[in-house]
Amino acid sequence: MTALDLSTEPGDASRARLAALADVLIPGGSGLPSAGDADVAGQWINRALTANPDLASAVAHALASPGAPEEALRDLRLRQRDVFERFAFAVAGAYFMNPAVRAALGYPGIAPRRLPAAEGEAEYYLEDEILAPVVDRGHIYRRVPA
Amino acid sequence: MPGLPGGLLRGGLPLREGREAAGKWVGVGSTNDHADVLIVGAGTSAGVAARHLAEAGFKVVCLEQGAWVDPGNLPGNKPEYELAGSKNWHPDPNVRGRREDYPVDHSESDLPVWMYNGVGGSSVLYGGIWARALPSDFRVRTLDGVADDWPLTYEELLPYYQAVEREMAVSGLAGNPAYPPGFEPPQPAAPIHRTGRTMAEGMNRLGWHWWPGTNAIPTVNRGKEGQCVRYGICRMGCPEGAKSSTDVTHLPDAVTLGAKVITRARVARVTLDERGRANGAVYLRDGREHFQSASVVIMAAGGIGSPRLLLMSASGRFPAGLANSSGLVGKRLMLHPYAASVGIYEDDLENWLGPAGEHIGSMQFYESDPSRGFVRGAKWSLLPIAGPLEAAEKWTDPRSLSGEEFWGQGSAARMKSFVRMLQWHVVPEDLPEETNFVSLHPSLTDSDGLPAAKVHYRVSDNTRQIVDFNLARTLEAHEAAGAKKAWVAGRNFMTGHNTGTAKMGDDPATSVVDRFGRTHDVPNLYIIDASVFTTSTAVNPTATICALAKRTASYIASNAREQEVAA
Ligand SMILES: Cc1cc2nc3c(=O)[nH]c(=O)nc-3n(C[C@H](O)[C@H](O)[C@H](O)COP(=O)(O)OP(=O)(O)OC[C@H]3O[C@@H](n4cnc5c(N)ncnc54)[C@H](O)[C@@H]3O)c2cc1C
Ligand code: SF4
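Protein sequences appear in the order of chains A and B.
Just so you know, we're using the numbering used here here: the first sequence kicks off at 1 and counts up by one.
Just so you know, we're using the numbering used here here: the second sequence kicks off at 147 and counts up by one.
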């Protein structure tokens with residue numbers, strides 16, 4: 001099995017197949033798009049495979065698996081669990097990079113961003129003497145003979 | 147706070163004097179390139195020692211197989227961050243597969259090993275969780291009748307813990323009752339966030355210990371080193387330069403003071419003079435062989451790298467490997483096979499907020515309790531979850547016991563629970579066994595043709611029992627904290643806590659280095675990295691690694707006049 005060559009864009013047929021396979025994993029709902037609607041098979045898979053080229057062989061392998069999408073993935077999982085997992089990881093990695101998906105999941109920004117702690121934030125979370133019972137129980141370490 | 151004996155903090159000797167003492171080491175005919183002290187590696191322990199010795203006036207040279215990290219290349223603030231963290235910035239050197247990453251064959255190990263090979267060493271990718279060992283950790287044989295006592299005590303190491311805590315700008319809250327009085331992190335604690343608060347309420351319901359996280363991650367701006375801005379991706383390197391890794395905290399200062407860090411320099415063997423004293427190292431750079439001469443040699447190549455290099459440095463005098471008359475070089479490998487549990491809660495917990503780092507920790511089940519059927523214990527850390535891919539893995543990892551299919555119908559609802567997830571990591575103590583060891587690979591090599599390392603490691607029954615017991619308790623903690631669903635997300639995760647392969651002890655027949663890190667066999671060869679741990683403790687090791695490195699560096703500086711060196 002050869003790795004996907006990212007210098008030659010996968011053709012429309014491959015992308016359609018990838019979208020169909022990805023939709024089996026991530027059909028969407030609850031305010032989230034399906035993988036296909038989130039353009040996993042377009043720009044996001046390219047970016048995912050650029051960031052981790054080791055995943056390309058698993059994507060190529062999944063694309064080459066025959067049969068209806070559900071069946072193809074069921075078979076792949078049964079026969080080559082490791083390849084299935086890497087394929088699913090690549091699809092999920094591509095999907096989560098889509099800013100609309102990330103926002104719908106509740107993550108701020110398109111990537112982790114600077115959010116310095118506010119003044120008094122550390123104290124705020126310790127309010128109502130939440131540490132008092134721990135302190136009141138006293139030391140818990142084991143004494144060591146001199 | 148007790149000071150270091152004799153003002154050792156700045157090298158033991160006044161600045162010039164240290165160098166003058168070392169000046170006497172240098173034999174006739176030595177060149178300008180000769181080092182007073184050669185350090186193999188420029189990682190975590192190396193950084194601490196290099197700065198200390200450079201401050202004391204010694205001419206220090208570090209030979210490091212990797213390069214300096216360019217913060218602009220770190221992935222943490224880019225959309226691809228989690229994918230880059232699964233390849234170029236993965237903590238497993240075999241996955242990264244960079245030129246400087248020597249392969250580690252783990253086909254005969256229950257878990258792979260983690261490390262980073264470059265300036266700053268594994269501290270570049272560590273979580274920054276800072277945990278001193280406890281007094282009982284140094285007395286395992288006395289208290290529990292297993293393994294060995296360390297040849298030093300908590301009290302002896304205390305001033306060095308305190309010194310490196312200042313150097314690493316450790317943040318946390320004073321007064322943790324799991325420690326003897328006097329543990330006062332120099333920087334204020336980070337917020338425990340909704341994550342820590344939610345779990346703390348559960349722990350209080352159970353009457354169990356917890357404490358705000360202690361991390362080598364500054365909460366107050368230190369000028370050039372910055373302040374944590376909570377990206378939450380510390381384990382992929384800190385793009386802010388805030389996390390205290392030694393490429394930020396120590397090595398730039400050491401260089402300013404005159405230390406030389408030679409990068410892309412892979413040490414092939416440490417050499418000896420006719421009298422058996424270390425006199426330098428042969429290294430490979432750009433495919434060519436070089437020699438660095440030195441009066442004192444310090445090994446700081448990590449818990450896998452140092453035994454590998456000692457074994458590669460076998461000679462007529464030391465046929466089984468340098469400094470290996472005990473036969474223990476590479477043996478007693480301890481790895482802390484991590485386990486994790488997660489819970490799904492009602493509310494958005496903003497579980498992606500840094501530092502990562504621990505938000506809270508617990509030592510409730512740290513100390514031995516024979517009624518549990520095993521000895522020793524574990525530390526727990528409540529950690530943020532860097533992003534959706536990491537959260538998804540809590541469901542999809544083959545070792546996960548979520549009991550639900552993640553993909554397909556319903557996956558959207560499961561994804562929507564990502565930010566409502568809390569995770570406990572369990573760090574179990576791993577006791578030393580000679581059957582767990584590092585050897586040289588018979589055929590596999592690194593990019594310079596040197597033998598790769600091979601790890602032979604099986605999780606012992608005692609360790610497995612510690613993990614089982616503690617995982618069960620973490621599930622109770624999730625329940626008490628209000629989780630709607632909780633499960634074991636995995637076990638036998640790799641850790642990067644690679645310890646024990648050059649044991650510290652008083653008896654040359656049963657240990658490799660003495661209480662100051664000096665090898666019993668070679669009077670001017672020291673080891674300062676994680677290899678020297680007598681037992682693994684159940685805490686994250688970097689506090690102890692740094693304290694021991696500081697202690698050895700102080701010892702070398704203050705005993706320079708008596709130090710035997712190569713002719
Ligand atoms: C992902 C991750 C998370 C972690 N999180 C924590 C945490 O939160 N808290 C904690 O306490 N610990 C943590 N650890 C563990 C901690 O980072 C390590 O235990 C510690 O950094 C090891 O320090 P060291 O000096 O022993 O080795 P290192 O820092 O690994 O340094 C060894 C150096 O030697 C170099 N080297 C090796 N061989 C050669 C050679 N032949 N020639 C030249 N150079 C060589 C390497 O390139 C490397 O730079 C973590 C580790 C990892 C990987
Ligand atoms: S959470 Fe803080 S220390 Fe960690 S990567 Fe972000 S800024 Fe750096």
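Note that CB positions come from ideal geometry on N, CA and C, so glycine has one too.
It should be emphasised that the depicted structure is a prediction, and the values quoted were computed from it without experimental measurement.
C-alpha distance - residue i paired with residue j, whole-angstrom precision
{"i": "G173 (chain B)", "j": "I140 (chain A)", "result": "Residue placement at G173 (chain B) is flagged as unreliable, the pLDDT there being 49, under the threshold of 50; the coordinate-derived value follows with that caveat. C-alpha separation (whole angstroms): 54 Å."}
{"i": "W144 (chain B)", "j": "M382 (chain B)", "result": "Here chain B comprises residues numbered 147 to 713, so residue 144 (chain B) is not present and cannot be evaluated."}
{"i": "V442 (chain B)", "j": "A335 (chain B)", "result": "39 Å"}
{"i": "V678 (chain B)", "j": "G642 (chain B)", "result": "15 Å"}
{"i": "W498 (chain B)", "j": "L49 (chain A)", "result": "24 Å"}
{"i": "A695 (chain B)", "j": "I444 (chain B)", "result": "10 Å"}
{"i": "Q510 (chain B)", "j": "V241 (chain B)", "result": "35 Å"}
{"i": "I506 (chain B)", "j": "P669 (chain B)", "result": "43 Å"}
{"i": "L352 (chain B)", "j": "A626 (chain B)", "result": "7 Å"}
{"i": "S589 (chain B)", "j": "V407 (chain B)", "result": "31 Å"}
{"i": "D294 (chain B)", "j": "D653 (chain B)", "result": "12 Å"}
{"i": "Y484 (chain B)", "j": "K540 (chain B)", "result": "14 Å"}
{"i": "V168 (chain A)", "j": "I45 (chain A)", "result": "This structure cannot settle anything about residue 168 (chain A), because the visible part of chain A is limited to 1 through 146."}
{"i": "V428 (chain B)", "j": "Q438 (chain B)", "result": "6 Å"}
Residue i classed as buried or exposed, judged by whether at least 16 other C-beta atoms fall within 10 angstroms
{"i": "A103 (chain A)", "result": "exposed"}
{"i": "E70 (chain A)", "result": "exposed"}
{"i": "R114 (chain A)", "result": "exposed"}
{"i": "T365 (chain B)", "result": "buried"}
{"i": "A100 (chain A)", "result": "exposed"}
{"i": "Q43 (chain A)", "result": "exposed"}
{"i": "S657 (chain B)", "result": "buried"}
{"i": "Y124 (chain A)", "result": "exposed"}
{"i": "S34 (chain A)", "result": "buried"}
{"i": "F552 (chain B)", "result": "buried"}
{"i": "N219 (chain B)", "result": "exposed"}
{"i": "V135 (chain A)", "result": "exposed"}
{"i": "K170 (chain B)", "result": "exposed"}
{"i": "N367 (chain B)", "result": "exposed"}
{"i": "K630 (chain B)", "result": "exposed"}
{"i": "D283 (chain B)", "result": "buried"}
{"i": "G404 (chain B)", "result": "exposed"}
Simplified DSSP assignment, three categories, for residue i
{"i": "L722 (chain B)", "result": "Look at the range of chain B in this structure, 147 to 713, and you will see that residue 722 (chain B) is not part of it."}
{"i": "M97 (chain A)", "result": "helix"}
{"i": "P574 (chain B)", "result": "strand"}
{"i": "S390 (chain B)", "result": "coil"}
{"i": "K734 (chain B)", "result": "Residue 734 (chain B) is absent from the model: chain B starts at 147 and stops at 713."}
{"i": "S508 (chain B)", "result": "strand"}
{"i": "D251 (chain B)", "result": "strand"}
{"i": "G109 (chain A)", "result": "coil"}
{"i": "W498 (chain B)", "result": "coil"}
{"i": "E371 (chain B)", "result": "coil"}
{"i": "H139 (chain A)", "result": "coil"}
{"i": "A181 (chain B)", "result": "strand"}
{"i": "Y603 (chain B)", "result": "strand"}
{"i": "W357 (chain B)", "result": "strand"}
{"i": "N425 (chain B)", "result": "strand"}
{"i": "G273 (chain B)", "result": "coil"}
{"i": "P334 (chain B)", "result": "coil"}
{"i": "I450 (chain B)", "result": "helix"}
Cβ-Cβ distance between residue i and residue j below 8 Å
{"i": "L25 (chain A)", "j": "A68 (chain A)", "result": "no"}
{"i": "A524 (chain B)", "j": "E575 (chain B)", "result": "yes"}
{"i": "A699 (chain B)", "j": "L184 (chain B)", "result": "no"}
{"i": "A684 (chain B)", "j": "L303 (chain B)", "result": "no"}
{"i": "W633 (chain B)", "j": "V488 (chain B)", "result": "yes"}
{"i": "E579 (chain B)", "j": "S606 (chain B)", "result": "yes"}
{"i": "A486 (chain B)", "j": "W354 (chain B)", "result": "no"}
{"i": "L76 (chain A)", "j": "A41 (chain A)", "result": "no"}
{"i": "P217 (chain B)", "j": "P398 (chain B)", "result": "no"}
{"i": "L209 (chain B)", "j": "A346 (chain B)", "result": "no"}
Residues of the segment 43-64 of chain A with Cβ closer than 9 Å to any Cβ of chain B, in chain order: R47, A48, L49, T50, A51, N52, P53, D54 and L55
With 9 Å as the limit, tell me which residues of the segment 338-365 of chain B have their beta carbon closer than that to any beta carbon of chain A; keep them in chain order. I338, H339, R340, G342, R343, A346, E347, M349, N350, G353, W354, H355, W356, W357, P358 and T365
Taking a cut of 7 Å between CB atoms, which residues from the segment 226-241 of chain B lie near chain A? E226, Y227, E228, L229, A230, S232 and K233
Identify each residue in the segment 21-37 of chain A for which the Cβ-Cβ distance to at least one residue of chain B is less than 7 Å, and report them in chain order. V24, L25, I26, P27, G28, G29, S30 and L32
At a Cβ cut of 8 Å, what residues of the segment 133-146 of chain A count as close to chain B, listed as they run along the chain? P133, V134, V135, R137, G138, H139, I140, Y141, R142, R143, V144 and P145
Residues within the segment 65-85 of chain A neighbouring chain B, beta-carbon criterion of under 8 Å: R81 and E85
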